[in-house]
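Visitor: Questions regarding the structure given below will be posed in turn.
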Amino acid sequence: ALSIVAALECDEHFLIASDSEAVDNGFKFQSVKLFDMPDIPLCCGVTGLSASAADFKAWLTTYQWNKATWEEMKTDAETFLAELNGKWRRLQRKAGKKPDKKDITEAIIVGYVQGKGKMLSLKDDGPSEFMDRGYDAIGSGGVHALVARKTAEWVQHNQGELLVHSKNILALMVTVATVSAPFCSRPIQGKKVTPKGVEQW
């Protein structure tokens, strides 16, 4: 089910974080929603249907990163994810069920392709886009996280640098979502992506 993945662009790196809850047939369990790409400084966070998320991860893992640009990868990724979501909707209709929004897969990809750092947001309700504003959030907790980010911006602008550390801001975004949004639960998972690689934070 949908949950929360949020990402933040910093001066020389990206931070990405998620909650840990997954729901299947009414059962809640812990799940990993962030995954790295082998041999490239890139990390992807996925929300939605776990089976489609696994298929998207498998596709990303085998993608020809050494030959791709961000723009080419954007086109390929949005096409593949649309196909996955379309297939799920068709199967649901054939089963006589109405497709549920919480089972639609979305993703955020952050990192460096050909040395160029970008944040790519792949959502189901519109075209994919590079997030030039420097942050984004997806899933049922996405709106909650974005409100928390705007609140942190307001506090910093009006009250001084109370939340100056980037990790604190991203942790705040995801924590607010896990506390207030459906299908979200702690602990928080987080990764830092630099041009040299991906590490836990």
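Letter by letter, the sequence shown follows residues 7 to 207 of the numbering used here.
Heads up, the beta-carbon is just placed ideally off N, CA and C, and yes, glycines get one too.
Keep in mind that this is a model prediction, so the values were computed, not measured.
Confirm the yes/no value for this check: CB of V149, any heavy atom of the ligand SAH, distance under 8 Å.
Guide: Although the ligand SAH was asked about, the structure shown includes no ligands whatsoever.
Visitor: Would you check if there are 3 or more beta carbon pairs closer than 8 Å linking the region 37–48 to the region 147–160?
Guide: The region 37–48 is not in contact with the region 147–160.
Visitor: For a test of the three-state rule: what should DSSP assign to L178, helix, strand or coil?
Guide: If DSSP states are grouped into helix, strand and coil, L178 belongs with the helices.
Visitor: Pull the bridge partners of A143 from the DSSP assignment, please.
Guide: DSSP lists A12 as partners of A143.
Visitor: Are the Cβ atoms of I22 and G54 separated by less than 9 Å?
Guide: No.
Visitor: So the beta strand (DSSP E) M125 belongs to, where does it begin and stop?
Guide: That run of the beta strand (DSSP E) goes K122 to L128.
Visitor: Based on the DSSP output, what are the partners of I22 in its beta bridges?
Guide: In DSSP, I22 forms a bridge with A13 and K197.
Visitor: Based on the DSSP output, what are the partners of Q36 in its beta bridges?
Guide: E27.
Visitor: When DSSP labels each residue in this structure, what does Q98 get in the three-state scheme?
Guide: The answer is helix: DSSP assigns Q98 an H, G or I state.
Visitor: Quickly, what does DSSP pair E135 with across the bridge? List them, please.
Guide: Answer is S127, bridged to E135.
Visitor: Leaving aside the five residues before and after L90 along the sequence, list all residues of the same chain whose C-beta is less than 7 Å from its C-beta, in chain order.
Guide: If we look at L90 and ignore the five residues flanking it on each side, its Cβ neighbours are S58, D61, F62 and T111.
Visitor: In chain order, what residues of the same chain lie with their CB nearer than 8 Å to the CB of E84, ignoring the 5 residues before and after it?
Guide: The residues are L128, P133 and S134.
Visitor: Assuming K202 contacts C49 under a Cβ cut-off of 8 Å, what Cβ separation, rounded to an integer in Å, is found between them?
Guide: Actually they do not touch by this definition, with Cβ atoms about 13 Å apart.
Visitor: Taking S56 as the reference, give the member of N174, V204, W94 and V119 with the closest Cα.
Guide: Among N174, V204, W94 and V119, the Cα nearest to that of S56 is on W94.
Visitor: For a test of the three-state rule: what should DSSP assign to A74, helix, strand or coil?
Guide: Three-state result, A74: coil.
Visitor: Buried or exposed: which applies to L97, given that a residue is buried once 16 or more other Cβ atoms fall within 10 Å of its Cβ?
Guide: Exposed, by the Cβ-count rule.
Visitor: Less than 9 Å separating the beta-carbons of R192 and D25?
Guide: The answer is yes: Cβ separation under 9 Å.
Visitor: Is the beta carbon of D45 closer than 9 Å to that of W71?
Guide: Yes; because the gap between Cβ atoms is below 9 Å, this pair is in contact.
Visitor: Closest to I10 by CA distance: which of Y118, G121, A113 and G117 is it?
Guide: For the residues Y118, G121, A113 and G117, the minimum Cα distance to I10 belongs to A113.
Visitor: For E77, is the classification buried or exposed, using 16 other Cβ atoms within 10 angstroms of its Cβ as the cut-off for buried?
Guide: Looking at its Cβ environment, which holds fewer than 16 other Cβ atoms inside 10 Å, E77 is exposed.
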